[in-house]
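Asks: Mind having a look at this structure? Questions to follow.
There are 2 protein chains.
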Amino acid sequence: MIKRYLLAPGPTPVPPEALLAMAMPIIHHRSPDFLPVLDSAKKGLQWLCQTKNDVLIICSTGTGGMVGAVNNFFSAGDKALVINAGNFGERWTKICKAYNLSVEEMKIEWGFTVKPEDVEKALRRDPSIKGVFVQASETSTGVYHDIKALASVVKKFDNTVFVVDAISALVAHDLRMDEWGIDILIGGSQKGLMLPPGLAFVGISEKAWAFAEKSTLPKFYFNFRKERESLAKNQTNFTSPVTLIIGLNESLKILQKEGLENAFRRHERLAHATREAVKALGLEMFTRESPSNAVTAITAPAGVDGQEIYKNLRVKYGITAAGGQGQAKGKIFRIAHLGYAGTFDVITAIAGVEMVLKGMGHPVKLGTGVAVAQELLLA
Amino acid sequence: MIKRYLLAPGPTPVPPEALLAMAMPIIHHRSPDFLPVLDSAKKGLQWLCQTKNDVLIICSTGTGGMVGAVNNFFSAGDKALVINAGNFGERWTKICKAYNLSVEEMKIEWGFTVKPEDVEKALRRDPSIKGVFVQASETSTGVYHDIKALASVVKKFDNTVFVVDAISALVAHDLRMDEWGIDILIGGSQKGLMLPPGLAFVGISEKAWAFAEKSTLPKFYFNFRKERESLAKNQTNFTSPVTLIIGLNESLKILQKEGLENAFRRHERLAHATREAVKALGLEMFTRESPSNAVTAITAPAGVDGQEIYKNLRVKYGITAAGGQGQAKGKIFRIAHLGYAGTFDVITAIAGVEMVLKGMGHPVKLGTGVAVAQELLLA
């Protein structure tokens, strides 16, 4: 037997409260039993997204929410500005192109973040840009884009909505939808919300709803106006993913007990301790600026394959972390501290990394990183 | 406390084996842990759909599978023949229209089935028809269309694929994808497969894959060619709904132990007993021909509101059955015998209906229908 530890940036571990609640006999989504369940989830998501707007609940992975953010608010030929700073930025480009939007890509070197002033320049240069698409936390590189500053830029342009993939950032970062002016905010269940995959969440501003009136792209499954009408009646447009929404209420209950601010601070502390511990081992961060609270991306030491570190963590020590994606594959490995995560997940991760590196012949003084993490996580 | 009984045509009760398996700590969908899980689900679905073709697993409700069956194989302007015999036939029309297909609707009076010779005539009249869309079991009216005969008609036309929404029929009816020539077969998790909502299944023939090459409709989330490539590596294109797929393996294990033929026969017996019991109460079937094995649709007695029967079953006796949909609302009520269903689910349903009708002042001799069901279900 090798005991397993899940430290990947999604799916993340599901707390026992949610696992148990989801193991209860199923109820019917159109019966009155379900109305208060959906009502409570709906309100909880508004609290989490810091918004008075509707937050739709869609039965799909987070990517389904991203697709809906394109096909509900835009039309073929509409101009999109995509901030592509990694694998998921790339996904925005692919989705927009699949729906025949005209894409201007702002390519950012992996490990770096977009400069809000560059976005402002682009919008001034081309006022026909209808949407700015970005990730809050770009999981492939471990950066957090400055969503507050970006929102304040896009807000100046009446003809442009600000679309944020917050799939891995939600719960890990303070994202003030209404106060900052995020128009479309997308979340997913299997990240900070500590649930199995299968739900996408989409918060939508009034500014964005006005765009929806004009959208001519085909839509049926991801038809957000229909979902909005259903949500007003505490329903979903199609069969509700009952089980996951019951689990969602459990996760929200845990987070509400912790408090939003505390949840953000917990993620920040865990992320900070992870980074400092890794640096104490002489390793370099792949993330060059503004690191995400959700995941830490670490450059593999010279001559060491990042995928081998990931593989050894799993095979030798039962730790499922993550390797690199796209152009970073082989160069990096990643450790998540997202959702149902605490002090000893960081300790486990760092201890595991030390032991794997030593096993691979890389000079490491065991306990060096662990001690740094301990110091920073003293209660 | 009022004990609850779920007798609705989806979600259907989830067996404890699946509930328990889904309550296990989550695993990562890109780790080697998950490969055998998906491999086993994949093979089990091929067994269930009686096909050597790929059966894709999509994270969505069944409707997502229906949408994918349109946007992956057709292009705007393509001619579709939709057999609209109820609420879900209507859904085919809506989806095809949302994607700008040119729809010829064959409207069938609710409670009746399509005549295969009419489909043949329509296809001969207009050889440009690229797809024939139908439900196997039309849940809103309780009919089962003759899929075998329809398949043998469509098979004659090289330019036409046969698309079957088998969401509520799968497991309840013998559907021989390869032998009969069903080109696209769609299932959902929360019906005969006894799982929570969240998975769609789509079996696809080689004839249909050739259509996919020419399709120009926008596709990203429901991109079946990408899903096919992923499935070959025991992956899904986006984050796998890990938990539900683990549950799927448990359901498939139960069904494989029972045997396909036995599962069909069980559904047939339960459906037959339900119908005969209902008739013994002097009630009329809403379904006028070829009743489905999944759900029985019953006309409410003259002067009695079908929705009130549904409501009384739930409120007074804790039984969640179903009312009517669309034009049948108020006129009918429906009882499912689908998935994790056995003898005493039928007895419960019939006893409940008798007690509700008596309570509503309708003349009923208690036990009349129950006795008929008992007789037919003697082991």
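Chains as they are written, first to last, in my numbering: chain F, 53 to 431; chain H, 53 to 431.
Quick reminder that beta carbons are idealized off the backbone N, C-alpha and C, glycines included.
Bear in mind the structure is a predicted one, so any value in this text is a computation, not a measurement.
#1: Runs of 4 residues minimum, wholly inside the segment 94-165 of chain H: which ones carry the alpha helix (DSSP H) assignment?
#2: If I measure Cβ to Cβ from His454/F and keep anything under 6 Å in the same chain, skipping five residues before and after, which residues do I get?
#3: Assign Arg228/F to one of three DSSP states: helix, strand, or coil.
#4: When you compare the CB of Lys410/H with every CB in chain F, is at least one pair closer than 8 Å?
#5: Run down chain F in chain order and give the residues with a C-beta less than 9 Å from the C-beta of Ala424/H.
#6: Less than 8 Å separating the beta-carbons of Pro248/H and Leu300/H?
#7: Across the segment 106-116 of chain H and the segment 222-240 of chain H, are there enough close Cβ pairs to call them in contact, namely three or more that are closer than 8 Å?
#8: Given this structure, state the Cα-to-Cα distance separating Lys311/H from Tyr151/F, to the nearest angstrom.
#9: Just to check my reading of the structure: Val254/H and Thr212/H have Cβ atoms closer than 8 Å, yes? What is that Cβ distance to the nearest angstrom?
#10: Are the beta-carbon atoms belonging to Thr348/F and Arg321/F less than 8 Å from one another?
#11: Ignoring anything shorter than 4 residues, give me the alpha helix (DSSP H) runs that lie fully in the segment 267-329 of chain H, in order along the chain.
#12: Mind listing the chain H neighbours of His319/F? Cutoff is C-beta to C-beta under 8 Å, in chain order.
#13: Count the C-beta pairs between the segment 261-280 of chain F and the segment 76-95 of chain H that are closer than 8 Å, then say yes if the count reaches three, no if not.
#14: Taking Cβ to Cβ, would you say Gly194/H is nearer than 8 Å to Pro343/H?
#15: Nearest by alpha-carbon distance to Glu79/H: which of Thr103/F, Met74/F, Ala60/F and Asp85/F is it?
#16: I'd like the ranges of any alpha helix (DSSP H) spanning at least 4 consecutive residues and lying wholly in the segment 402-429 of chain H.
#17: Hey, how far is the Cα of Leu430/H from the Cα of Ala218/H?
#18: At a Cβ threshold of 8 Å, is Cys101/F touching chain H?
#19: Looking at the C-beta of Tyr369/F, does it have a partner C-beta in chain H at a distance below 8 Å?
#20: I want to verify the contact list: residues of chain H whose CB lies under 7 Å from the CB of Phe290/F, in sequence order.
#21: In the DSSP assignment, the beta strand (DSSP E) including Val356/F goes from what residue to what residue?
#22: Is there at least one non-hydrogen atom of the ligand ZN closer than 7 Å to the beta-carbon of Ala174/F?
#23: Between Ala128/H and Glu156/H, how many whole angstroms is the CB-CB distance? I'm expecting something under 8 Å.
#24: Between Lys146/H and chain F, is any beta-carbon pair separated by less than 8 Å?
#25: Looking at the secondary structure, which residues open and close the beta strand (DSSP E) in which Leu237/H lies?
#26: 8 Å is my cut-off, CB to CB: does Met74/H come that close to chain F?
#27: Drop a sphere of 10 angstroms on the beta-carbon of Arg177/H, count the other beta-carbons inside from all chains shown, and report buried for 16 or more, exposed for fewer.
#28: With H, G and I counted as helix, E and B as strand and the rest as coil, what does DSSP make of Glu172/F?
#29: Tell me where the alpha helix (DSSP H) around Lys383/F begins and ends.
#30: Considering Ala221/F, what are the terminal residues of the alpha helix (DSSP H) in which it resides?
#31: Buried or exposed: where does Glu313/F fall if 16 or more other Cβ atoms within 10 Å of its Cβ makes it buried?
#32: Since Pro343/H meets chain F, which of its residues come closer than 7 Å, beta carbon to beta carbon?
#33: So Ser303/H and Leu245/H are supposed to be a Cβ contact under 8 Å. How far apart are they, rounded?
#34: Going by C-alpha distance, which of Pro77/H, Ala121/H, Pro63/H and Val405/H is nearest Phe86/F?
#35: Ile306/F touches chain H at which residues, Cβ-Cβ below 8 Å?
#36: In the DSSP assignment, what residue or residues form a beta bridge with Gly183/F?
Replies: Taking the definition as stated:
#1: 114-123 and 139-150
#2: Not covered by the structure: residue 454/F. The range shown for chain F is 53 to 431.
#3: Within the first sequence, the letter at position 176 stands for residue 228/F. Of the three classes helix, strand and coil, the one that applies to Arg228/F here is coil, per DSSP.
#4: For this step, residue 410/H is matched to residue 358 along the second sequence. Taking Cβ atoms only, chain F never reaches closer than 8 Å to Lys410/H, which makes this a no.
#5: Taking the first residue of the second sequence as 1, we reach residue 424/H at position 372. One point to set straight first is that residue 424/H is Val, not Ala, in the sequence displayed. Chain F residues near Val424/H: none, gap ~27 Å exceeds 9 Å.
#6: Position 196 of the second sequence, counted from the start, is the residue given in the question as residue 248/H. Position 248 of the second sequence, counted from the start, is the residue given in the question as residue 300/H. No; because the gap between Cβ atoms is not below 8 Å, this pair is not in contact.
#7: yes
#8: Walking along the second sequence from the start, residue 311/H turns up at place 259. Walking along the first sequence from the start, residue 151/F turns up at place 99. Rather than Lys, the amino acid found at residue 311/H in this sequence is Gly. If you take the alpha carbons of Gly311/H and Tyr151/F, they lie about 44 Å apart.
#9: Numbered from 1 along the second sequence, position 202 holds the residue referred to as residue 254/H. Numbered from 1 along the second sequence, position 160 holds the residue referred to as residue 212/H. 18 Å between Cβ atoms; not a contact.
#10: Start at 1 with the first residue of the first sequence, and residue 348/F comes out as number 296. Start at 1 with the first residue of the first sequence, and residue 321/F comes out as number 269. Taking 8 Å as the Cβ cut-off, Thr348/F and Arg321/F do not qualify as a contacting pair.
#11: 276-284 and 294-310
#12: In the first sequence, counting from the first residue as 1, residue 319/F sits at position 267. Going along chain H, no residue has its Cβ under 8 Å from His319/F, so there is no contact; the nearest lies around 19 Å.
#13: no
#14: In the second sequence, counting from the first residue as 1, residue 194/H sits at position 142. In the second sequence, counting from the first residue as 1, residue 343/H sits at position 291. In this structure, Pro343/H lies closer than 8 Å to Gly194/H by Cβ.
#15: The residue labelled residue 79/H in the question sits at position 27 within the second sequence. Before going on, a small fix: residue 79/H reads as Ile here, not Glu. Of the candidates Thr103/F, Met74/F, Ala60/F and Asp85/F, the one whose C-alpha sits nearest the C-alpha of Ile79/H is Ala60/F.
#16: 420-429
#17: As a first step, residue 430/H must be located in the second sequence, where it is residue number 378. As a first step, residue 218/H must be located in the second sequence, where it is residue number 166. C-alpha separation (whole angstroms): 30 Å.
#18: Here residue 101/F refers to the residue found at position 49 of the first sequence. No - not a single Cβ of chain H is within 8 Å of the one on Cys101/F.
#19: Counted from its first residue, the first sequence places residue 369/F at position 317. Chain H, which has no Cβ nearer than 8 Å to the Cβ of Tyr369/F, makes this no.
#20: Position 238 of the first sequence holds residue 290/F. Going along chain H in sequence order, the residues near Phe290/F (Cβ under 7 Å) are Thr113 and Thr115.
#21: As a working mapping, residue 356/F is identified with position 304 in the first sequence. Careful: Val356/F lies outside any beta strand (DSSP E) and carries neither H nor E.
#22: The ligand ZN is not part of the structure shown, which contains no ligands of any sort.
#23: Position 76 of the second sequence holds residue 128/H. Position 104 of the second sequence holds residue 156/H. Actually they do not touch by this definition, with Cβ atoms about 16 Å apart.
#24: Within the second sequence, numbered from 1, the residue matching residue 146/H stands at position 94. Lys146/H counts as touching chain F.
#25: Indexing the second sequence from 1 puts residue 237/H at position 185. Where Leu237/H is concerned, the enclosing beta strand (DSSP E) stretches over Ile236 to Gly240.
#26: As a working note, residue 74/H is residue 22 in the second sequence. For Met74/H, the answer is yes, since a Cβ of chain F falls inside 8 Å of its Cβ.
#27: Position 125 of the second sequence, counted from the first residue, corresponds to residue 177/H. Classification of Arg177/H: exposed, given that the 10 Å Cβ count is below 16.
#28: Residue 172/F sits at position 120 when you count from the first residue of the first sequence. Helix.
#29: Position 331 of the first sequence, counted from the start, is the residue given in the question as residue 383/F. Counting along the chain, Lys383/F falls outside any alpha helix (DSSP H), and DSSP gives it neither H nor E.
#30: Taking the first sequence and counting its residues from 1, one reaches residue 221/F at position 169. Where Ala221/F is concerned, there is no enclosing alpha helix (DSSP H), given that its DSSP letter is neither H nor E.
#31: Counting from one through the first sequence, the residue named residue 313/F turns up at place 261. It is exposed - the Cβ of Glu313/F has fewer than 16 other Cβ atoms within 10 Å.
#32: As a first step, residue 343/H is located in the second sequence; it is residue number 291 there, counting from the start. The premise fails here: Pro343/H is roughly 22 Å from chain F at the closest Cβ pair, so nothing lies under 7 Å.
#33: Indexing the second sequence from 1 puts residue 303/H at position 251. Indexing the second sequence from 1 puts residue 245/H at position 193. Rounded, the Cβ-Cβ distance is 5 Å, consistent with contact.
#34: By 1-based counting over the first sequence, the position of residue 86/F is 34. Out of Pro77/H, Ala121/H, Pro63/H and Val405/H, Pro63/H has the C-alpha closest to the C-alpha of Phe86/F.
#35: The residue given as residue 306/F occupies position 254 in the first sequence. The contacting residues do not exist; Ile306/F stays about 16 Å from chain H at best.
#36: Mapped onto the first sequence, residue 183/F falls at position 131. The partner list for Gly183/F (beta bridge, DSSP) reads Ala132/F and Val213/F.
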